[in-house]
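One structure is given here, and the rest of the page talks about it.
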Amino acid sequence: MNHLFSPYELKNLKLKNRVVMPPMCQYSVSAKDGMATDWHYVHYVSRAIGGTGLIIVEMTDVEPDGRISDYDLGIWSDEHIPALARIVEACHAYGAKVGIQIGHTGRKAEDAAVPVAPSAIAFNEKYKTPRELTTAEVKEMVEKFRLGIQRAIKAGFDVIELHGAHGYLIHQFHSPLTNKRSDEYGQDLTLFGTEVIRAAKSEMPADMPLIMRISAMEYVEGGYGINESVEFSKAYKEAGVDMFHVSSGGEGEIAAAGRPGTHAGYQVPLAREIKQRLDVPVIAVGKLDEPVLANAVIGNAEADLVAVGRGMLRNPHWTLEAAVQLQKETEFPRQYQFGFPRITK
Numbered sequence: 027m028n029h030l031f032s033p034y035e036l037k038n039l040k041l042k043n044r045v046v047m048p049p050m051c052q053y054s055v056s057a058k059d060g061m062a063t064d065w066h067y068v069h070y071v072s073r074a075i076g077g078t079g080l081i082i083v084e085m086t087d088v089e090p091d092g093r094i095s096d097y098d099l100g101i102w103s104d105e106h107i108p109a110l111a112r113i114v115e116a117c118h119a120y121g122a123k124v125g126i127q128i129g130h131t132g133r134k135a136e137d138a139a140v141p142v143a144p145s146a147i148a149f150n151e152k153y154k155t156p157r158e159l160t161t162a163e164v165k166e167m168v169e170k171f172r173l174g175i176q177r178a179i180k181a182g183f184d185v186i187e188l189h190g191a192h193g194y195l196i197h198q199f200h201s202p203l204t205n206k207r208s209d210e211y212g213q214d215l216t217l218f219g220t221e222v223i224r225a226a227k228s229e230m231p232a233d234m235p236l237i238m239r240i241s242a243m244e245y246v247e248g249g250y251g252i253n254e255s256v257e258f259s260k261a262y263k264e265a266g267v268d269m270f271h272v273s274s275g276g277e278g279e280i281a282a283a284g285r286p287g288t289h290a291g292y293q294v295p296l297a298r299e300i301k302q303r304l305d306v307p308v309i310a311v312g313k314l315d316e317p318v319l320a321n322a323v324i325g326n327a328e329a330d331l332v333a334v335g336r337g338m339l340r341n342p343h344w345t346l347e348a349a350v351q352l353q354k355e356t357e358f359p360r361q362y363q364f365g366f367p368r369i370t371k
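27 is the number of the first residue of the sequence shown in our numbering; add one for each residue after it.
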């Protein structure tokens with residue numbers, strides 16, 4: 027039976043365990059012009075030393091005004107490649123695989139002078155009203171995603187994740203709440219997402235997996251639910267997505283911030299539903315910090331991988347601690363072996 031420390035393969039991605047560090051923005055004031063810094067290097071490499079199977083670098087944006095804040099990472103220039111490549115190379119040295127989440131914040135870009143979006147609808151009264159992208163600009167945005175992914179490939183990443191969740195640009199296009207367009211991108215709400223997916227696949231090696239993070243449910247009146255997310259995910263799977271990273275919220279409440287994400291594993295049923303109805307591998311995420319629970323999600327075949335966010339922010343060696351608690355064999359850094367009790371059968 028599979029468990030948290032059983033290996034996993036998807037195309038050419040070979041992971042030593044099922045533990046994922048999900049993308050979590052660092053809002054690092056040192057990240058000028060979107061450049062990864064020594065903070066990011068230490069942050070990610072320490073999780074590789076800590077035994078994580080797959081590390082996904084935080085949302086890295088395809089243009090400056092696509093960032094949540096001016097302190098987020100970017101990939102709109104070839105100048106961003108060396109610092110990212112340095113992180114990837116070091117993580118590889120400790121046995122971790124590394125992905126990167128490519129995205130654009132759309133109307134939730136807090137520091138943009140004028141954010142852009144599918145339609146000119148502000149997120150709430152505290153946010154700026156975005157400018158509606160023209161049809162030509164939407165097509166240009168697809169090209170920006172393609173170029174960002176091209177740079178990520180050059181930096182040596184093992185897998186690409188597209189951010190289609192949490193109320194950001196791809197999500198804004200496939201949500202009826204935020205897409206009121208009359209052009210082709212309003213007539214087919216998945217068109218922008220599928221074009222980005224095809225652009226990504228055009229740059230990626232054929233055996234490299236493409237992950238998409240989705241919000242499987244919106245916690246707002248009139249928002250979509252699991253049936254609608256299954257349908258748009260079918261379109262994305264057909265366009266080339268190999269695995270879904272299943273979260274929720276973003277147009278309205280972000281679940282993890284409070285309602286309804288108040289209990290452990292609250293999003294696992296959404297991941298299980300996507301996995302079963304689409305016959306596609308998934309990553310479960312959301313208050314899965316307890317190793318026993320994370321292990322059960324894998325053992326019960328509810329998800330293929332488990333993402334541990336806040337737990338890994340608190341403890342870069344979460345994976346090693348989990349192996350001890352679960353009595354599972356894993357490789358401990360020689361320098362740290364005396365710090366961990368021996369695993370006995």
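We treat Cβ as the ideally placed atom computed from N, Cα and C, and that holds for glycine.
Source: prediction; values computed, not measured.
Based on the DSSP output, what are the partners of residue i in its beta bridges?
i: R157; result: V142
i: E187; result: Q127, I237
i: F270; result: M238, V308
i: M47; result: I81
i: G335; result: Answer is none; G335 lacks a bridge partner.
i: K40; result: E35
i: D87; result: G100, G129
Leaving aside the five residues before and after residue i along the sequence, list all residues of the same chain whose C-beta is less than 7 Å from its C-beta, in chain order.
i: V222; result: V168, F171, L188, I196
i: A359; result: Before going on, a small fix: residue 359 reads as Pro here, not Ala. Excluding positions up to five away in sequence, the list reads I75.
i: E316; result: A290
i: A146; result: T155, P156, R157, E158
i: S56; result: T63, W65
i: N341; result: E347
Kindly list the residues whose CB is nearer than 6 Å to the CB of residue i, restricted to its own chain and excluding five residues on each side of it in sequence; keep chain order.
i: V256; result: R303
i: W102; result: V88, E89
i: L352; result: P317, N321
i: Y67; result: I113
i: T216; result: H200, F258, A261
i: G79; result: L41, K42, N43, V45
i: D233; result: K37, N38
With distance defined between alpha-carbon atoms, name the residue in the options nearest to residue i.
i: Q185; options: M230, T155, A109; result: As written in the sequence, residue 185 is Val, which differs from the Gln given in the question. Closest option to V185, Cα to Cα, is M230.
i: T161; options: F270, N205, P108, I179; result: N205
i: T288; options: G100, P33, S56, L314; result: L314
i: R177; options: R224, L331, E105; result: E105
i: V124; options: A348, G100, I179, D91; result: I179
i: A322; options: A139, E84, G291; result: G291
i: S259; options: S273, E136, W65, I240; result: I240
i: A143; options: D137, T131, G251; result: T131
i: A376; options: Y120, G121, A122, K152; result: The question about residue 376 has no answer here: the residues shown for the chain are numbered 27 through 371.
i: I128; options: R112, A139, Q213, D98; result: D98
i: M238; options: I126, A111, F364; result: I126
i: A111; options: D96, D64, R93; result: D64
i: M61; options: T345, G193, A109; result: A109
i: C5; options: N150, D137, A139, R73; result: As displayed, the chain neither begins before 27 nor continues past 371, which places residue 5 out of reach and without an answer.
i: D137; options: D214, L203, Y53; result: Y53
i: D59; options: P48, I107, S32, L39; result: I107
With distances taken between CB atoms, is the gap from residue i to residue j smaller than 8 Å?
i: T356; j: G174; result: no
i: L331; j: Y70; result: no
i: V294; j: E247; result: no
i: L30; j: V45; result: yes
i: G335; j: M85; result: no
i: I4; j: A242; result: Missing from the structure shown is residue 4; the chain here goes from 27 to 371 and no further.
i: D91; j: P141; result: yes
i: P307; j: M338; result: no
i: V350; j: F364; result: no
i: M27; j: G312; result: no
i: G190; j: G219; result: yes
i: H192; j: S273; result: yes
i: Y194; j: V164; result: no
Since residue i and residue j are thought to touch, with beta carbons under 8 Å apart, how far apart are those beta carbons, to the nearest angstrom?
i: H343; j: I309; result: Not a contact, Cβ separation roughly 21 Å.
i: E299; j: G275; result: No, E299 and G275 are not in contact; Cβ-Cβ is about 16 Å, not under 8 Å.
i: K37; j: P235; result: 5 Å
i: G182; j: V114; result: 4 Å
i: E277; j: S201; result: 6 Å
i: I81; j: A122; result: 5 Å
i: A333; j: P48; result: 4 Å
Residues in the same chain with beta-carbon distance under 8 Å from residue i, minus the five sequence neighbours each way, listed in chain order, please.
i: A148; result: R133, K154, T155, P156
i: G266; result: I223, R224, A226, K227, L236
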